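Protein sequence lines, in the order shown, are assigned to chains A and S.
Quick note: the first sequence, position 1, residue 1427 per the numbering used here, numbers continuous.
Quick note: the second sequence, position 90, residue 81 per the numbering used here, numbers continuous.
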Amino acid sequence: MQLNAEVHDNLMLVKLQADRLDAAVAIEFKDQMRAVTQGGPARVVLDLGQVSFLDSSGLGAVVAAMKHLGNDRRLELADLQPNVEKVFKLTCMDRVFIIHESGDAALASSVNVA
Amino acid sequence: MDIKHRAAAQRLDRSNDQPVCELFWHLKGNPERVRETLQKITQDLSAAGLSEQAIGNAEVVFAEIFNNIVNHAYAGRKDGDIQATAYAGPMALRCVVKDFGHAMPRLELPKGQLPDSSGPLESLPEGGFGWFLIRQLTQGLSYDRFEEQNILTFELPY
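Set out below in structure tokens:
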């Protein structure tokens, strides 16, 4: 599991390079998210396009990552694959996050906001 | 066959249709083996001809059940045995999952209510989704405790 972070103006795009965000990597994911989002722009977009499977441990880890950013910053999501999107929808957590179709769409929205 | 096992078997066979095929998986209860087994399950269900959506649902359900067994029934162990069986019937995948760990509290399945995510950031739930997901995606979910075994039976509609 690896996180690749790029800073674009007022937005940090973090790409999760892993096929699965599950109980086996949930703690590692939380730790790495804390490390890569230390400082940086207020908006953080997590691109999950490579992730084909997420369980409730992975979901909890994404929520924990958002909570860690605090109230002055925000975690958004991009490119949810069908089986990942299903878990967010069933648990109503799709209403808690701003979800973009893709990392590029998130970057485009950044231009509009700025 | 003892009474409890017969009851579980009868639940699986309550319609008279013949199972199309039977699949069996065995794993040790730890996150790495769970991950490997889920990948095997999706491959086997794909080979059995299930739709992508049905396979996706099965993967979520088995993941949550296995994780629950690892974290609770086998809390503190990494080598507990888990056995899962699936029979592909015409309308649903009928499944039995057994483990030999601690019993469910009060010998009951958790209610699996959806955690409240309507509050402020600090109060957002980071867990408690597992049984909710299992209940959303299965039907006929039931739990038996017999001779130090936890036996979970359920159906996954196609």
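Quick reminder that beta carbons are idealized off the backbone N, C-alpha and C, glycines included.
Values in this document were obtained by computation on a predicted structure and should not be read as measured data.
The straight-line gap separating the alpha-carbon atoms of S:G40 and S:E13 is approximately 13 Å. Exclusion of the five residues before and after A:L1437 leaves P1467, R1469, V1470, V1471, A1532, L1533, S1536 as the residues of its chain whose Cβ lies within less than 8 Å of its Cβ. For secondary structure counted as the beta strand (DSSP E) over 3 or more consecutive residues, the region 70 to 106 of chain S holds these complete runs in sequence order: 72 to 79, 83 to 90.
When the five nearest sequence neighbours on each side are left out, the beta carbons in the same chain lying within less than 8 Å of the beta carbon of A:Q1443 are those of M1427, Q1428, L1429, N1430, Q1476, in order along the chain. Taking 7 Å as the cut-off, the beta carbon of S:P106 is found closer than this to the beta carbon of S:P116.
Under the Cβ criterion (8 Å, minimum of three pairs), the region 1496 to 1509 of chain A does not count as touching the region 133 to 145 of chain S. The DSSP-derived three-state label of A:V1522 is coil. Scanning its chain for C-beta atoms nearer than 8 Å, with the 5 sequence neighbours on each side dropped, one finds around A:A1449 the residues D1481, S1483, G1484, in chain order. For S:P148, the nearest beta carbon of chain A is not closer than 7 Å to its own beta carbon. Assignment of beta-bridge partners to S:H17 by DSSP yields S:Q74. S:N62 and A:R1446 have their alpha carbons spaced roughly 19 Å apart. For A:L1447, there are no C-beta contacts with chain S under 9 Å, since the nearest C-beta of that chain is about 11 Å from it. Rounded to whole angstroms, S:T33 and S:F53 show a C-alpha spacing of 10 Å.
S:Q127 has a beta carbon lying within less than 7 Å of a beta carbon in chain A. A:G1466 carries a coil assignment under DSSP once its states are collapsed to helix, strand and coil. Interface annotation for the region 10 to 36 of chain S against chain A: N21, P22, E23, V25, R26, L29, Q30, T33, criterion Cβ-Cβ distance under 9 Å. Taking a Cβ-Cβ cut-off of 9 Å, A:F1455 has no neighbours in chain S, whose nearest Cβ is about 12 Å from it. Per DSSP, S:Q140 is one residue of the beta strand (DSSP E) stretching across 140 to 148. In this structure, S:R85 keeps its C-beta atom at 7 Å or more from the C-beta atom of S:E43.
Taking the CA atoms as reference points, S:Y78 sits about 12 Å from S:D35. Contact check for S:E55 and A:N1509: beta-carbon distance about 13 Å, past the 8 Å limit, so the pair fails to qualify.
Against chain S, the beta carbon of A:N1509 has neighbours under 8 Å at G47, E50, V51, listed in chain order. Beta-bridge analysis with DSSP links A:V1440 to A:A1431, A:L1472. Within the same chain, K89, D90, F91 come within 8 Å of S:Q140 by CB-CB distance, once the 5 residues on both sides are set aside. In the assembly as shown, S:L143 is a buried residue. Its beta-carbon has 16 or more other beta-carbons within 10 Å.
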